[in-house]
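Each step along the sequence shown adds one to the number in the working numbering, with nothing skipped, and position 211 is 407.
Backbone N, C-alpha and C fix where the C-beta goes; we use that ideal spot for every residue, glycine too.
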Amino acid sequence: MISKLIEIRDQARAKILEAKTIQELYEAKSLYLGKKSPLQEILGKMREFNADTKKEVGQKINEFKDMIEKEVAKRQEVLALAEVNKKLESEAIDVTLPAKNIKVGNLHILTKTIEELEEIFLGMGYNIAEGPEVEEDLYNFEMLNLPKGHPARDMQDSFYINPSLLLRTHTSPVQARTMLESKGKPIKIVCPGKVYRRDDDDATHSHQFMQLEGLVVGENISMADLKGTLSAVFEEMFGDGRKVRFRPSYFPFTEPSVEVDVSCFKCGGVGCNLCKGNGWIEVLGAGMVHPNVLDMAGYDSKKYQGFAFGIGIERITMLKHGIDDIRNFYINDPRFLRQF
Ligand code: DAH
């Protein structure tokens with residue numbers, strides 16, 4: 197009988213050692229320690245044995261059950277560790293691998309142009325002003341020497357909200373607002389912002405675009421100051437040696453009015469496809485603040501003069517980066533936006 201028990205114990209041991217997974221181990225355990233195990237079966241037949249055998253067999257069975265129990269526990273530890281190791285191995289991270297490029301956003305190129313210009317003007321002692329995009333006809337036109345019915349209002353087809361309210365067609369109304377607020381004190385401001393016109397969108401027109409307005413008011417201000425200022429700005433923006441030239445033009449709020457060209461920053465002025473062969477690129481409108489505008493805003497035009505300018509942000513960004521369609525700025529195609 198004892199040898200039978202030993203045989204059972206050895207089978208149990210073998211099965212336990214054979215188990216490759218916890219599941220297989222539990223199966224072996226229930227086979228040899230469960231209610232229907234061979235040892236249990238022998239226990240059930242104890243009545244048939246004499247007292248001595250009963251005692252011996254009983255002891256052995258208990259001893260072997262203990263043994264098997266311990267073997268199971270040992271094997272379980274081994275298998276559990278193996279399982280953890282396997283998992284660790286399969287989930288291992290090679291920290292020396294190059295990292296994936298995380299795509300972070302970047303500033304819009306128009307924002308960058310504005311920030312670049314703001315930096316330049318701040319360095320020259322200008323303040324940054326702001327005004328509303330929904331603007332009163334009063335500031336957008338009337339106080340800029342464009343009374344109702346003035347033919348030059350046609351230069352800027354407008355989105356009217358009601359007869360006295362519209363989406364500003366330029367940043368120039370901020371001139372009038374700033375002059376009223378400054379109550380006769382000298383002014384040096386730039387104002388960047390969105391403007392709106394009833395244009396059909398195409399490669400060079402957009403119903404919404406951006407400008408940066410500039411206004412300087414003080415005593416003894418002349419066209420020379422305007423020219424010097426713009427020369428310095430465009431040298432900073434487009435590189436050393438850039439020259440500016442003035443061509444006569446017309447804006448109702450300036451007298452005289454000029455259109456300003458900068459010497460081509462691609463070819464240096466000898467002529468290329470960017471400047472269409474003439475060496476100069478038109479960049480903005482400007483002029484000396486019209487005496488009517490000064491007077492309307494409470495500045496004595498006999499004592500004070502001013503210059504003003506309006507830069508098209510899209511236009512100079514397109515020139516600087518060789519962009520040929522203004523709509524690119526607003527389509528929000530990441531392939532375009534990511535380039536800058
Ligand atoms: N407001 C003008 C426009 O949108 C641009 C402009 C021209 C602004 C001359 C000025 C200026 O301040 O002096 O067409």
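Looking at the strands, I want to know which residues DSSP matches up with residue i.
i: Ala-215; result: Bridge partners of Ala-215: none, in fact.
i: Asp-457; result: Arg-441, Glu-478
i: Thr-450; result: Phe-447, Val-485
i: Cys-387; result: Glu-409
i: Ile-507; result: Leu-408, Leu-480
For the alpha helix (DSSP H) holding residue i, just list the boundary residues, first then last.
i: Glu-377; result: 369-378
i: Glu-285; result: 247-286
i: Leu-334; result: 333-336
i: Arg-523; result: Note, Arg-523: premise wrong, no alpha helix (DSSP H); not H, not E.
i: Pro-530; result: 530-533
i: Ile-305; result: 305-319
i: Glu-326; result: It is not in any alpha helix (DSSP H) - Glu-326 carries neither H nor E in the DSSP assignment.
Give a yes or no on whether the C-beta atoms belonging to residue i and residue j are separated by under 9 angstroms.
i: Lys-409; j: Pro-382; result: A small fix is needed here, since residue 409 is Glu in this sequence, not Lys. No, the Cβ-Cβ distance between Glu-409 and Pro-382 is not below 9 angstroms.
i: Leu-426; j: Ile-477; result: no
i: Pro-234; j: Ile-202; result: no
i: Ala-504; j: Phe-449; result: yes
i: Glu-455; j: Gly-481; result: yes
i: Val-489; j: Leu-361; result: no
i: Lys-384; j: Gly-414; result: yes
i: Val-485; j: Leu-411; result: yes
i: His-366; j: Gln-404; result: no
i: Pro-294; j: Asp-333; result: no
i: Met-433; j: Glu-312; result: yes
i: Tyr-228; j: Ile-264; result: yes
i: Ile-289; j: His-517; result: no
i: Val-386; j: Tyr-335; result: no
i: Val-275; j: Ala-215; result: The displayed chain sequence assigns Leu, not Val, to residue 275. Contact flag set, yes.
i: Thr-309; j: Ile-512; result: yes
i: Val-391; j: Phe-317; result: no
i: Asp-353; j: Arg-394; result: yes
With 16 other CB atoms within 10 Å as the buried threshold, where does residue i fall?
i: Met-375; result: buried
i: Pro-369; result: buried
i: Thr-292; result: exposed
i: Gln-540; result: No information on residue 540 is available, as it lies outside the stretch 197 to 536 that the chain covers here.
i: Arg-364; result: buried
i: Ser-459; result: buried
i: Arg-531; result: exposed
i: Lys-211; result: buried
i: Ser-453; result: buried
i: Arg-438; result: buried
i: Ile-298; result: exposed
i: Val-268; result: buried
i: Leu-303; result: exposed
With residue i as the anchor, note down where its beta strand (DSSP E) starts and where it stops.
i: Phe-447; result: 440-447
i: Leu-477; result: Looking at the sequence itself, residue 477 is Ile, so the reference to Leu does not match. 476-485 is the span of the beta strand (DSSP E), which, as asked, contains Ile-477.
i: Asp-298; result: First, the amino acid is wrong: residue 298 is Ile here, not Asp. No beta strand (DSSP E) contains Ile-298, which DSSP labels as neither H nor E.
i: Lys-423; result: That residue, Lys-423, is in no beta strand (DSSP E); its alpha helix (DSSP H) goes 419-434.
i: Arg-363; result: Note on identity: in this sequence residue 363 is Leu, with Arg being the wrong assignment. Its beta strand (DSSP E) spans residues 361-363.
i: Gln-352; result: It is not in any beta strand (DSSP E) - Gln-352 carries neither H nor E in the DSSP assignment.
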